[in-house]
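For reference, the structure is listed below as structure tokens.
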Amino acid sequence: MRELTTLSARELLAAYDGGEVSPVEVVDALADQIAACDPAVGAFTTLCLERARCEAIYGEFIREASRLFADAFEHTLDDPAKLVQLYAIVSTIRLFGQPRTIAEAEKVMNQIGAVYFAPNKELRLFADIARAGELDPLYAFSNACREELRLVRP
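Each residue of the sequence shown is one higher than the one before, counting from 91 in the working numbering.
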């Protein structure tokens with residue numbers, strides 16, 4: 091793969107979808123590029139790399155949790171290794187996240203496990219789940235992220 095900072099948005103998305111790169115790796119590559127070039131150029135007056143890393147890891151968590159929820163809805167947990175990436179992301183969130191964000195991430199992780207071990211659901215039951223308010227299991231997590239990120243605005 092080419093240097094991350096030379097990829098187009100389309101190429102980055104394809105690399106991310108293919109599991110070749112994470113959003114955090116992209117933020118870190120861009121931060122390195124800025125550190126190497128900006129002293130000569132002086133284009134940045136303020137960098138919000140901490141916020142960018144938080145947004146990247148939270149986005150990565152949302153994407154992975156969504157994928158696992160969809161899988162758990164129709165399948166049992168035949169391979170516990172499916173959860174390893176999610177556990178790794180939650181562990182990263184524990185390093186810097188606010189207590190509420192961490193708690194909501196852990197709730198989502200536990201919900202995914204519960205869905206995997208519950209009986210599989212048929213697609214026709216999807217409407218019942220939506221009416222019961224269980225269709226957006228990431229709602230509280232995303233709200234916690236929004237509140238946390240609001241605190242670290244430049």
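Just so it is clear, CB atoms sit at the ideal spot from N, CA and C, and this is done for glycine as well.
Could you compute how far the alpha carbon of residue 183 sits from the alpha carbon of residue 116? 17 Å
Which of helix, strand or coil DSSP assigns to residue 166: coil
Between 126, 140 and 202, which has its C-alpha nearest residue 114's C-alpha? 140
Measuring alpha carbon to alpha carbon, tell me which residue in 121, 165 and 135 is nearest residue 207. 165
How about residue 205 and residue 144: do their beta carbons lie closer than 8 Å? no
With a threshold of 16 other CB atoms inside 10 Å of the CB of residue 266, please say whether the residue is buried or exposed. Residue numbering for the chain in the displayed model covers 91 to 244; residue 266 lies beyond these limits and cannot be assessed.
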